[in-house]
Amino acid sequence: MSALKIVTINILFDLSRWAERRDLLVQGLAQLKPDLVALQEVRLPENTAQWLADQLGYAHVSLCPKTSFERRKEALAILSRLPFQAQGWLDLGGQHRVAQYVQVSHGDLPLVLANTHLYWQPGESPTRLRQVERLLAWLKDLPGEPACIVCGDFNGTPETQAIQRMRQDLVSAFAAVNGHEPDYTCPTPLPHAFWPSLRTLLGFFLLVRPSQLDLSWRGTLDYIFLDPRLEPLACQVVLDQPSKDRPDIYPSDHFGLCADITFKNPGR
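Numbering-wise (our numbering), the sequence shown opens with residue 3 and increments by one.
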């Protein structure tokens with residue numbers, strides 16, 4: 003059975019540099035040729051996910067807007083070269099966050115790719131931990147017990163409780179292949195526009211103590227987690243190169259992850 007290639011990346015809601023960034027995303031994804039792409043921070047109503055799908059020739063797109071008034075502004079999306087056999091979404095609560103899944107066939111075996119973007123709060127977050135518990139319970143109840151890949155921007159560094167809880171049920175593809183998580187996946191050197199930067203700064207004052215504000219912070223927030231029935235053959239940080247003409251312009255403020263995945267003992 004050939005490996006399935008998965009990419010996940012937060013493509014950044016802010017469109018102030020989208021005209022420059024989008025070509026880097028297209029070029030990078032075209033070189034990788036993933037079978038499935040999980041996107042976070044898809045901008046609505048512009049639908050930046052559909053624009054990427056059209057440029058790259060993905061015939062199947064699953065869009066999952068956030069809840070409440072945020073549903074008109076932002077979404078998750080999965081692009082696929084494989085037809086969807088089933089789709090679903092889950093309201094995670096807290097900051098209007100959601101999760102989505104699509105089911106495809108890998109060979110003759112059912113496979114689910116779930117995509118999410120969890121609660122933003124620096125450090126530990128009880129809300130984010132509850133979202134992880136809700137997400138894992140939801141996936142366990144899927145009919146037929148398909149093998150699951152869960153990826154996205156988890157907004158938690160590896161030592162936090164939410165990520166440790168994910169590791170109780172699933173395997174981090176990057177850590178399994180490389181022996182450790184990436185040094186960091188966010189932020190890239192991409193300059194932030196004024197208003198998104200101000201929103202982030204205000205968020206620090208609302209969700210953490212101002213003394214915890216660290217303008218030099220960087221860390222790993224993005225993951226590809228695998229069902230134990232799956233095996234990662236390779237996993238690497240991708241979409242991490244700047245424009246040749248503008249060394250400060252990156253595809254996003256997050257790097258992406260790419261994993262080649264197959265079933266263990268597919269004949270069973």
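We put the CB at the ideal spot given by N, CA and C, even for glycine.
The structure presented is a predicted model; accordingly, all values stated were derived computationally and were not measured.
About 5 Å separates the beta carbons of residue 257 and residue 187, which is inside the 8 Å limit, making them a contact pair. Of all C-beta pairs linking the region 236-251 to the region 154-161, fewer than three are shorter than 8 Å, placing the two stretches out of contact. Residues of the same chain with a CB within less than 6 Å of the CB of residue 252, apart from the 5 flanking positions on each side, are 190, 192 and 244 in chain order. Across the set 18, 53, 88 and 96, the C-alpha of 96 shows the shortest separation from the C-alpha of residue 72. The beta carbons of residue 94 and residue 136 sit about 6 Å from each other, so the pair counts as a contact at 8 Å. With fewer than 16 other Cβ atoms from the protein chains shown falling within 10 Å of its own Cβ, residue 17 counts as exposed. Straight across, the Cα-Cα distance linking residue 48 with residue 31 is about 20 Å. Residue 33 sits exposed, since fewer than 16 C-beta atoms from the chains shown fall within 10 Å of its C-beta.
Counting of Cβ neighbours within 10 angstroms places residue 249 among the exposed residues, the total staying below 16. Three or more beta-carbon pairs drawn from the region 219-227 and the region 146-157 are found closer than 8 Å, and the two stretches are therefore classed as touching. At least 7 Å separates the beta-carbon of residue 113 from that of residue 82. Bounds of the alpha helix (DSSP H) holding residue 24 are 20-34. Following the DSSP letters along the chain, one finds residue 180 inside the alpha helix (DSSP H) bounded by residues 175-180. Runs of the beta strand (DSSP E) lying entirely within the region 92-124 and spanning at least 3 residues, in chain order: 100-108 and 111-119. Look at residue 71 here: in three-state DSSP terms it is helix.
For residue 220, the number of other beta carbons within 10 angstroms of its own is below 16, and it is reported as exposed. DSSP, read as helix, strand or coil, puts residue 13 in coil.
Taking 7 Å as the cut-off, the beta carbon of residue 177 is found no closer than this to the beta carbon of residue 8. The beta carbon of residue 167 sits closer than 8 Å to the beta carbons of 131, 134, 135 and 138 from its chain, once the five residues preceding and following it are set aside; these are given in chain order.
Beta-carbon to beta-carbon, residue 106 and residue 87 are separated by about 6 Å, close enough to satisfy the 8 Å threshold. Checking the DSSP bridge columns, you'll see residue 139 has no partner listed. Taking residue 78 as reference, the option from 85, 56, 126 and 50 with the minimal CA-CA separation is 50. Assignment of residue 87 by DSSP, reduced to helix, strand and coil, places it in the coil class.
C-alpha of residue 42 to C-alpha of residue 89: approximately 17 Å in a straight line. Your pair residue 92 and residue 140 checks out as a contact, with CB atoms roughly 5 Å apart and the cut at 8 Å. Sequence-distant Cβ neighbours of residue 35 in its own chain, meaning closer than 8 Å and more than five residues away, are 7.
Under the DSSP assignment, residue 167 falls in the alpha helix (DSSP H) whose first and last residues are 163-171.
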